[in-house]
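Using my numbering, the letters of the sequence shown map in sequence onto residues 653 to 967. All residues carry an ideal CB built from backbone N, CA and C; glycine is no exception.
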Amino acid sequence: MKKVLGIGNALVDVLLEIEDNKQIEKFGLAIGGMEMIDAEKKRTIHSEISHLKQKIASGGSTSNTIYGLAKLGAKTGYIGKISKDEAGEFFKNDMLRANINTHFLYSNIDTGIATTFISRNGERTFATYLGAAATMAPEELDVEIFKQYDIIHVEGYLIFNRDLVLEVCKKAKEHGLLISMDMASYNLVEAMHDLVEELLKNYVDIIFANEDEAKAFTGKEEKEALEILSQYCSVAVVKLGPRGSIAKVNGVVTEIPPAPGDRIDTTGAGDIYASGFLYGLINNLSIEESGALASKLGAACIQTIGARIGDEHYL
Numbered sequence: 653m654k655k656v657l658g659i660g661n662a663l664v665d666v667l668l669e670i671e672d673n674k675q676i677e678k679f680g681l682a683i684g685g686m687e688m689i690d691a692e693k694k695r696t697i698h699s700e701i702s703h704l705k706q707k708i709a710s711g712g713s714t715s716n717t718i719y720g721l722a723k724l725g726a727k728t729g730y731i732g733k734i735s736k737d738e739a740g741e742f743f744k745n746d747m748l749r750a751n752i753n754t755h756f757l758y759s760n761i762d763t764g765i766a767t768t769f770i771s772r773n774g775e776r777t778f779a780t781y782l783g784a785a786a787t788m789a790p791e792e793l794d795v796e797i798f799k800q801y802d803i804i805h806v807e808g809y810l811i812f813n814r815d816l817v818l819e820v821c822k823k824a825k826e827h828g829l830l831i832s833m834d835m836a837s838y839n840l841v842e843a844m845h846d847l848v849e850e851l852l853k854n855y856v857d858i859i860f861a862n863e864d865e866a867k868a869f870t871g872k873e874e875k876e877a878l879e880i881l882s883q884y885c886s887v888a889v890v891k892l893g894p895r896g897s898i899a900k901v902n903g904v905v906t907e908i909p910p911a912p913g914d915r916i917d918t919t920g921a922g923d924i925y926a927s928g929f930l931y932g933l934i935n936n937l938s939i940e941e942s943g944a945l946a947s948k949l950g951a952a953c954i955q956t957i958g959a960r961i962g963d964e965h966y967l
C-alpha cells in the first residue's frame with residue numbers, strides 16, 4: 653500500500669453552535685468564510701465566547717484527511733508545527749493515538765487555534781489564528797522524510813505561506829511523490845489565484861475543490877470547472893454538497909451520488925471525503941468505489957460536530 657504524507661497547519665478547533673449569525677458579524681467575519689486573525693483578535697473573540705458551550709478537537713484540513721486515512725488503515729505521516737503548550741500536547745496525542753507517524757516542528761509561539769462558528773444550517777465560519785503553524789519555514793523541512801512516502805497531501809490554507817508551499821511541492825517532485833491538494837476555501841482561491849494556478853500547472857496531480865472553490869478558480873459552473881481543473885491535474889474532483897460530487901480521472905468523467913445524512917455541521921466533511929477518495933486510489937479501487945467511500949465518510953462527518961467521526965464509520 654502506498655504511504656501518504658500530509659503537511660499543513662496544525663490547529664486545535666474550538667467549535668461553537670450559534671443561534672444567530674449576528675454573533676459572527678459583530679466580529680467582522682464573513683459568514684461561511686475563513687479569516688486569518690492575529691493573537692489580539694483571538695483573545696477578543698475567546699473573551700466574548702467564553703460563556704458559550706464549546707467543543708475542543710484537533711483540526712487543520714490536512715490533519716483531518718491524514719487522520720481519516722489512518723483510521724481506514726493506510727500508512728500515514730504528518731508534518732506540522734506546534735508549541736509545547738496544552739493545545740500542542742492535545743493535538744500531538746490525538747495524532748499519535750491514530751497511529752500516525754508524526755514529524756512535528758516546535759515553536760515558542762502558541763499552537764494555532766481555529767475558532768469555528770456553526771450556524772443553524774450547518775454552515776461554518778472560521779476565525780483562524782495560525783500561531784506556531786505560521787512560523788513553519790522551508791529551511792525546516794527534512795527532505796529525508798519525503799523519501800519515506802509515495803504521496804503528499806497539501807492543504808490549500810498552506811498557500812498563505814508561499815515560500816513553504818512551493819518548497820514542499822518542489823521537494824516532493826524531486827523525490828517522486830504524487831501531490832494531492834485541497835483548495836480549502838473560495839476566498840483563499842480568489843486572493844491567491846495566481847499561486848494556485850502555478851501550483852496546479854507545475855506540481856499538483858490530484859485536486860479536490862468544492863463548487864465554490866472551483867468557480868472561484870475557473871469562473872465557471874461545476875461541469876465546466878471540472879473540465880478546466882482536469883487540464884491541470886490527472887485526477888480532479890469537484891464536491892457538490894448534497895448533490896454528490898463529480899470526478900474526472902484520466903479523461904473519464906464519473907458522477908458520484910451523495911450518501912444520505914442530515915446536515916448538522918460540515919466541519920471537516922471535505923477533508924474526510926478526501927480521506928476516502930485517496931484511500932480508494934492507493935488501493936486501486938475504481939473511481940466509483942473511491943467516490944462512494946468518500947461520500948459515505950463525508951455524510952457521516954456532517955452528522956456530528958467537528959471532523960472526528962466514530963470508528964464504526966471506517967469499517
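Nearest-angstrom beta carbon gap, residue j and residue i [assumed within contact, 8 Å]
i, j, result
"Ile803", "Leu830", "5 Å"
"Gly913", "Ala951", "3 Å"
"Val856", "Cys885", "5 Å"
"Ala750", "Asp834", "Wrong, their Cβ atoms sit about 19 Å apart, outside the cutoff."
"Phe778", "Met686", "4 Å"
Range covered by the beta strand (DSSP E) that runs through residue i
i, result
"Asn716", "Unbroken run through Asn716 is the alpha helix (DSSP H), 713-724; no beta strand (DSSP E)."
"Ile859", "858-862"
"Phe756", "753-759"
"Leu657", "656-659"
"Lys900", "897-901"
"Glu807", "803-807"
"Ile908", "904-908"
Opening and closing residue of the alpha helix (DSSP H) in which residue i lies
i, result
"Gly764", "That residue, Gly764, is in no alpha helix (DSSP H); its beta strand (DSSP E) goes 764-770."
"Leu735", "The question names Leu, yet the displayed sequence has Ser at residue 735. From DSSP, Ser735 is part of no alpha helix (DSSP H) but of the beta strand (DSSP E) over 728-735."
"Phe778", "Taken as a continuous stretch (DSSP letters only), Phe778 belongs to no alpha helix (DSSP H), being part of the beta strand (DSSP E) at 776-781."
"Asp963", "Premise fails: Asp963 is in no alpha helix (DSSP H) and is neither H nor E."
"Glu849", "845-854"
"Ile797", "795-798"
"Ile676", "674-677"
Three-state secondary structure assigned by DSSP to residue i
i, result
"Lys707", "strand"
"His827", "coil"
"Asp1054", "Within the shown structure, residues of the chain are numbered from 653 to 967, placing residue 1054 beyond reach of any answer."
"Leu668", "strand"
"Leu949", "helix"
"Leu930", "helix"
"Ser702", "coil"
"Lys687", "Note that residue 687 corresponds to Glu in the displayed sequence, not to Lys. DSSP places Glu687 in strand when its eight states are reduced to three."
CB of residue i within 8 Å of CB of residue j, strictly
i, j, result
"Ile718", "Gly764", "no"
"Thr919", "Ile734", "no"
"Gln955", "Ile924", "no"
"Leu663", "Thr780", "yes"
"Ala921", "Val890", "no"
"Glu807", "Thr714", "yes"
"Ser882", "Gly943", "no"
"Ser759", "Ala789", "no"
"Tyr730", "Ile752", "yes"
"Ala726", "Tyr966", "no"
Burial state of residue i (16 or more Cβ within 10 Å)
i, result
"Val656", "buried"
"Ser710", "buried"
"Met653", "exposed"
"Gly828", "exposed"
"Gly903", "exposed"
"Gly805", "First, the residue type needs correcting, since residue 805 is His and not Gly in the sequence shown. By the neighbour-count rule (16 or more Cβ atoms within 10 Å), His805 is buried."
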